[in-house]
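Residue numbers (my numbering): 1 to 64. Built from N, CA and C at the ideal position, the CB exists for glycine as well.
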(Lines of atoms letter the chains of each structure in order from A and count residues from 1; the text may use other names and numbers.)
(Lines give C-alpha, C1' and ligand atoms only; values in the text may rest on other atoms or scores of the structure.)
Protein backbone atom coordinates (compact mmCIF):
# COMPACT_ATOMS: atom_id res chain seq x y z
CA UNK A 1 0.00 0.00 0.00
CA UNK A 2 1.46 3.38 -0.94
CA UNK A 3 0.86 6.69 0.80
CA UNK A 4 2.44 10.11 1.00
CA UNK A 5 3.67 11.70 4.23
CA UNK A 6 4.21 15.37 4.97
CA UNK A 7 7.27 15.55 7.20
CA UNK A 8 9.25 18.56 8.38
CA UNK A 9 12.80 19.15 7.11
CA UNK A 10 15.26 16.96 9.00
CA UNK A 11 12.69 14.23 9.67
CA UNK A 12 14.11 10.74 10.09
CA UNK A 13 13.01 7.28 9.07
CA UNK A 14 11.89 6.82 12.68
CA UNK A 15 9.73 9.95 12.48
CA UNK A 16 8.13 8.60 9.31
CA UNK A 17 7.46 5.24 10.96
CA UNK A 18 5.86 6.96 13.94
CA UNK A 19 3.54 8.87 11.62
CA UNK A 20 2.66 5.69 9.75
CA UNK A 21 2.00 3.78 12.99
CA UNK A 22 -0.35 6.56 14.09
CA UNK A 23 -2.22 6.28 10.78
CA UNK A 24 -2.10 2.47 10.64
CA UNK A 25 -2.17 1.17 14.26
CA UNK A 26 -1.46 -2.45 13.25
CA UNK A 27 2.13 -1.35 12.50
CA UNK A 28 2.82 -0.33 16.10
CA UNK A 29 3.32 -3.85 17.57
CA UNK A 30 5.86 -4.59 14.80
CA UNK A 31 7.85 -1.41 15.48
CA UNK A 32 11.01 -3.21 16.64
CA UNK A 33 10.99 -6.03 14.10
CA UNK A 34 10.18 -4.14 10.88
CA UNK A 35 13.06 -3.51 8.50
CA UNK A 36 13.10 -0.10 6.82
CA UNK A 37 14.65 0.81 3.49
CA UNK A 38 15.02 4.09 1.65
CA UNK A 39 15.20 3.37 -2.05
CA UNK A 40 16.98 0.01 -2.22
CA UNK A 41 19.16 0.43 0.91
CA UNK A 42 18.20 -0.62 4.42
CA UNK A 43 18.52 2.36 6.77
CA UNK A 44 18.54 2.93 10.51
CA UNK A 45 15.76 4.90 12.13
CA UNK A 46 18.00 7.93 12.54
CA UNK A 47 18.59 8.27 8.78
CA UNK A 48 17.48 11.76 7.70
CA UNK A 49 15.02 11.66 4.82
CA UNK A 50 15.19 13.92 1.79
CA UNK A 51 12.30 15.23 -0.27
CA UNK A 52 11.11 12.54 -2.64
CA UNK A 53 12.66 9.57 -0.77
CA UNK A 54 10.67 6.36 -0.92
CA UNK A 55 10.45 4.43 2.33
CA UNK A 56 9.71 0.72 2.23
CA UNK A 57 8.61 -1.30 5.26
CA UNK A 58 9.40 -5.00 5.56
CA UNK A 59 7.41 -6.46 8.46
CA UNK A 60 8.39 -9.81 9.96
CA UNK A 61 7.35 -12.85 7.97
CA UNK A 62 6.57 -16.28 9.37
CA UNK A 63 6.76 -19.48 7.48
CA UNK A 64 8.96 -22.36 6.83
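Residue range of the beta strand (DSSP E) that includes residue i
i          : result
residue 65 : Since the displayed the chain opens at 1 and closes at 64, residue 65 lies outside it and no answer follows.
residue 49 : Element bounds for residue 49: n/a, residue is neither H nor E.
residue 38 : 35-38
Top-ranked residue by Cα proximity to residue i, from the options
i          : options           : result
residue 12 : 53, 3, 30 and 26  : 53
residue 56 : 28, 27, 7 and 36  : 36
residue 43 : 24, 4 and 14      : 14
residue 9  : 60, 27, 51 and 40 : 51
residue 59 : 27, 1, 20 and 4   : 27
residue 47 : 4, 3, 6 and 17    : 17
Sequence-distant residues of its chain with Cβ nearer than 6 Å to residue i (five each side left out)
i          : result
residue 29 : none
residue 34 : 57 and 59
Bridge partner(s) assigned by DSSP for residue i
i          : result
residue 69 : Look at the range of the chain in this structure, 1 to 64, and you will see that residue 69 is not part of it.
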